[in-house]
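Below is one structure, written out as structure tokens; the observations come after it.
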Amino acid sequence: MDKNAKIYVAGHRGLVGSAIVRNLQAAGYTNLLLRTHAELDLTNQVATAAFFEAEKPDYVFLAAAKVGGIVANNTYPAEFIRDNLLIQSNIIHAAYVNQVKRLLFLGSSCIYPKLAPQPMREEHLLTGPLEPTNRPYALAKIAGVEMCWSYNRQYGTQYLAAMPTNLYGPGDNYHPENSHVIPALIRKFHEAKVSGAPTVTVWGSGSPKREFMYSEDMAAACLHIMNFSDAVYTKLLGSDESVTGKFEPPLVNIGVGEDVTIKELAETVQAVVGYQGKIVFDATKPDGTPRKLMDVTTLRRHGFEATTTLFDGLEAAYTAFKSAIDY
């Protein structure tokens, strides 16, 4: 990407989008197109089309999405599938109409089957049933991958999907019910520390394993992918299965390649926050998928590897949380 290229980051205030913006700015990209939800409702097809026609971005990072943890996914399944389908459909089509050079669609590791082989490779997509607690969101993201694939095949576009593992970092959502596991734990342990509570209850048995990536590493990976040479990038855009006989979606996993149990994660967050009480695991609450570890062979083969340790990343996330809270 040329340093003066017009780059649109959809969802620039979220965890993913804000990290991408910081990485772009640090790398010297100055012509960034940014719109808040109040300025541009991406679920509105007419408004999205008008924005693209007026601004004509060269590159698009599609990080806008409705996201949340198990509770949010269970409580608002209609919104999770509806809003995400609308956002990504409007942006991908407008990108095609306005001849965007490259588009990176950000998804989630939950697109893979609940019992996918571990670590999960890109070709494991659509090989088994999904985790029911986040199926509406996962199906929307799978539809986004298929939409990129379909536009590439039919129109010769260069749309690639990146599937990050579980992310955390500055700009995260710390809502007590609707957040993901790390921000939820940070808030729980911090509030217990402040109040002097003797215990902190963590949902589930603590045995499921999860992979976690610091958001700044994820954003660096996204820039790395968007700056691939034409030779490398085009090989990742998927193939026409009816011609090649191969299932090759335009998909790249983004992760760290290692995981921890929820129990180990909780104990690490406890240490970072400095909470002195006891952790209690509520096994009556759902565990979700037993394990979700990304195979990051493709990304490593093309020269990228995450550098932030879990402890260091959690320290940075906790510092950001303390500066953002307002009780």
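Quick note: the sequence shown uses my numbering, first residue 955, plus one each step. Built from N, CA and C at the ideal position, the CB exists for glycine as well. The structure presented is a predicted model; accordingly, all values stated were derived computationally and were not measured.
Nearest-angstrom Cα distance between residue i and residue j?
i        : j        : result
Ser-1193 : His-1078 : 16 Å
His-1178 : Ser-1149 : 43 Å
Thr-1243 : Glu-1221 : 20 Å
Asn-1038 : Ala-1017 : 11 Å
Tyr-983  : Thr-1155 : 44 Å
Val-1051 : Arg-1141 : 43 Å
Arg-1036 : Val-1099 : 16 Å
Asp-1012 : Ala-959  : 6 Å
Ser-1277 : Thr-1081 : 43 Å
Phe-1182 : Val-1021 : 28 Å
Ser-1291 : Leu-1139 : Examination of residue 1291 is not possible in this model, given that the chain is present from 955 through 1281 alone.
Gly-1228 : Tyr-1187 : 44 Å
Met-1130 : Phe-1005 : At residue 1130 the sequence reads Pro, which differs from the Met that was named. Distance between the alpha carbons of Pro-1130 and Phe-1005 is about 34 Å.
Glu-1269 : Val-1135 : 15 Å
Val-1226 : Leu-1190 : 39 Å
Less than 8 Å between the beta carbons of residue i and residue j, yes or no?
i        : j        : result
Glu-1286 : Asn-1120 : Nothing can be reported for residue 1286, as the shown portion of the chain is limited to 955 through 1281.
Val-970  : Met-1180 : no
Thr-1252 : Val-1210 : no
Tyr-1168 : Thr-1262 : yes
Thr-1002 : Ile-974  : no
Ile-1024 : Pro-1162 : no
Asp-956  : Met-1074 : no
If residue i sits next to residue j, beta carbons under 8 Å apart, how far is it from one beta carbon to the other, in whole angstroms?
i        : j        : result
His-1144 : Phe-1275 : 7 Å
Ser-1062 : Met-1117 : 6 Å
Gly-1267 : Ile-1216 : Incorrect: roughly 16 Å between the Cβ atoms, too far for contact.
Ile-961  : Leu-987  : 7 Å
Asp-1236 : Trp-1157 : 6 Å
Lys-1232 : Thr-1153 : 5 Å
When we look at the beta-carbon of residue i and count the other beta-carbons within 10 Å, is it buried (16 or more) or exposed?
i        : result
Tyr-1281 : Reliability fails at Tyr-1281, whose pLDDT of 46 lies under 50, so the model's placement of it is uncertain and the value that follows must be treated cautiously. Classification for Tyr-1281: exposed.
Val-1234 : exposed
Val-1197 : exposed
Gln-1230 : exposed
His-991  : exposed
Gln-1224 : buried
Ile-1279 : exposed
Gly-968  : buried
Pro-1071 : exposed
Gly-1123 : buried
Tyr-1109 : exposed
Arg-1056 : buried
Thr-1111 : buried
Closer than 6 Å by C-beta to residue i: which residues in its own chain qualify, once you throw out the five before and the five after it? Chain order, please.
i        : result
Trp-1103 : Gly-1192, Pro-1203, Pro-1204
Leu-1040 : Thr-997
Ala-1092 : Cys-1064, Ile-1065, Leu-1084
Ala-1115 : Phe-1059, Gly-1061, Val-1099, Cys-1102, Pro-1204, Leu-1205
Ala-1094 : Ile-1035, Asn-1038, Leu-1039
Ala-1049 : Val-1014, Leu-1057
Ala-1174 : Asn-977
Below 8 Å CB to CB, which residues in the same chain sit around residue i once its five sequence neighbours on both sides are set aside?
i        : result
Asn-1028 : Thr-1087
Lys-1200 : Ser-1193
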